[in-house]
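Note sheet for the following structure.
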Amino acid sequence: MVIMLIFALCIYKIHSSHPISARSQVDIWDEWEQSHGINVLKTSKKGYNVIWASAQKTSENGDWTHDVYGMIYRNGHTIKKTLVSAHEAQEPSSASQCADGHILVTFEDGNAVGDYGVMQRYAIFDKNLNNVVSYDPYKTIIKNGGHSGHVTSVSNTFVVVCDEGWINKDGILNRGTGKEIYITIMNSVGNNKKTFKIANTSSRYDWPLVAGSKNKAFILWQKIVPNKKYTKLMMATFNLKTRKVSNPKAVSKIKCQYYNYSVSYMPKVNCFILTATDHHGVGHMYLYNTNGKQLCHKSGLGRFSMESSPAVSNNSIVYPTHKKSLTLFKVTHKSIKKIKIKKTSLSWSSRGQAGVFDTKGKVVFYAFQKNKLKHIKMKI
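As structure tokens, this is what we get:
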């Protein structure tokens with residue numbers, strides 16, 4: 001399943017590409033205050049759902065007010081729904097669809113948090129975005145004090161990863177980072193919930209992402225390098241059958257930009273594909289098998305856009321790159337080949353962008369343009 005990558009901790013930190021000016025950091029913060037996190041999930045040959053978090057207004061005390069919304073697209077017709085609406089902000093949204101069609105949406109939540117400051121919560125919907133497990137601040141909890149959550153699906157099991165804890169140092173603008181990473185699994189109706197710690201370590205682990213294959217989940221995160229403006233990428237796999245997490249290991253020796261990385265699963269080649277942009281602005285791609293063995297590394301690429309989820313079909317994968325382009329890659333079990341770059345009418349931003357292939361081989365990408373949800377459909 002290909003899911004939305006991304007998503008930021010609005011309360012604590014600002015993500016950015018390198019180099020970054022004080023002005024652009026303010027721009028990013030302003031963008032997130034408006035909207036944050038876009039997911040596009042294929043529901044049928046001619047249908048998909050778009051799920052995102054956005055704010056309709058700013059509260060009197062300046063707190064963010066994002067709610068979570070969904071748009072059902074079927075045969076050219078659209079229906080918009082409000083999925084989660086509560087006090088404070090529920091953002092950014094991360095969504096995944098499991099084998100039976102149920103969809104879990106997870107988000108950081110500022111509502112009814114007590115002394116925790118923030119909590120990672122969720123709700124579950126069917127493919128028509130009707131409630132299966134309704135949002136309840138006292139019941140639909142992934143992690144007390146959790147943040148920076150992301151979700152994938154492995155058959156009919158949802159796998160949610162999130163940070164827990166906070167250290168007020170390092171990270172962008174020295175605002176701080178997360179501390180520990182946890183994995184929570186549950187079935188498609190929210191039962192049989194279990195939580196696992198990624199590792200017992202003194203290292204600071206931050207900003208986890210996850211993608212799911214037929215029986216494994218691949219977790220990607222950044223290991224904080226104290227007093228540095230870059231981070232180290234780490235990975236592990238989670239076996240749904242044995243409930244075991246592999247020993248964490250480094251993806252490579254590159255010095256990665258904070259928060260500029262992604263992971264997706266490609267069913268046709270049964271491999272996970274990773275992207276990263278290093279602190280010089282150079283793009284990298286990595287191919288891993290489901291056992292966590294690195295098969296291929298392609299470097300010297302252009303900058304990948306942050307907060308982006310690619311479109312996948314067979315052995316093709318299309319990423320938002322730089323500011324207004326899409327890049328097509330072809331992937332085999334042992335190779336990654338860049339095919340073409342195509343300009344678009346949409347500008348990518350830190351709010352997020354995500355896409356799918358339609359039945360005619362065109363890609364459809366959604367992104368926010370000045371706080372309005374826009375989309376493009378184009379042949380690539």
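1 is the number of the first residue of the sequence shown in UniProt numbering; add one for each residue after it. Each residue gets a CB set at the ideal place from its N, CA and C atoms; glycine is no exception. From a predicted model like this one, the values you see are computed outputs, not experimental measurements.
Element boundaries [beta strand (DSSP E), containing residue i]
| i | result |
| --- | --- |
| L287 | 283 to 289 |
| R74 | 67 to 74 |
| T82 | 77 to 84 |
| A217 | 216 to 224 |
| I183 | 177 to 187 |
| W207 | 205 to 212 |
| I317 | 316 to 321 |
| C271 | 271 to 278 |
| K343 | 336 to 343 |
| I167 | 157 to 167 |
| D109 | 103 to 109 |
Helix, strand or coil at residue i [DSSP, three-state]
| i | result |
| --- | --- |
| D30 | helix |
| N39 | strand |
| K362 | coil |
| D115 | helix |
| N49 | strand |
| N144 | strand |
| N227 | coil |
| N260 | strand |
| Q369 | strand |
| N128 | coil |
| N200 | coil |
| N239 | strand |
Inter-residue spacing [alpha-carbon to alpha-carbon] between residue i and residue j
| i | j | result |
| --- | --- | --- |
| L295 | V154 | 22 Å |
| T332 | K241 | 27 Å |
| I183 | Q120 | 12 Å |
| G110 | D67 | 11 Å |
| C162 | N289 | 23 Å |
| K13 | V312 | In this prediction, K13 scores a pLDDT of 35, lower than 50, which makes its location untrustworthy; the coordinate-derived value is nonetheless stated afterwards. One C-alpha to the other measures close to 30 Å. |
| G62 | N270 | 46 Å |
| A99 | K179 | 32 Å |
| A55 | S134 | 20 Å |
| A89 | T177 | 20 Å |
| W221 | T106 | 18 Å |
| S243 | Y48 | As written in the sequence, residue 243 is Arg, which differs from the Ser given in the question. If I take the Cα positions, the gap works out to 31 Å. |
| S335 | N128 | 38 Å |
| A53 | V245 | 31 Å |
| A22 | V189 | Annotation note: pLDDT 44 at A22 (below 50); position unreliable, coordinate value reported separately. Near 44 Å, if we compare the C-alpha coordinates of V189 and A22. |
| V40 | Q97 | 10 Å |
| V159 | T152 | 5 Å |
Option nearest residue i by Cα separation, candidates the options
| i | options | result |
| --- | --- | --- |
| I273 | Y261, H280, C256, G281 | Y261 |
| K324 | Q369, S213, E91 | Q369 |
| G149 | K244, K372, L104 | L104 |
| K338 | R351, Y319, K228, D126 | Y319 |
| N371 | T359, S350, D358 | S350 |
| G146 | Q257, F329, N49, I181 | I181 |
| S205 | I38, Y259, K293 | The residue asked about is misnamed: residue 205 is Tyr in this sequence, not Ser. The residue with the shortest Cα to Cα distance from Y205 is Y259. |
Short CB-CB distance (under 9 Å) between residue i and chain C
| i | result |
| --- | --- |
| Y116 | The structure shown contains no chain C; it is built from a single protein chain. |
Open item on the list: With three or more beta-carbon pairs closer than 8 Å as the criterion, would you say the region 342 to 356 touches the region 283 to 301?
Closed with: no
TODO: Would you be able to state if there are at least three C-beta pairs under 8 Å between the region 187 to 198 and the region 165 to 175?
DONE: no
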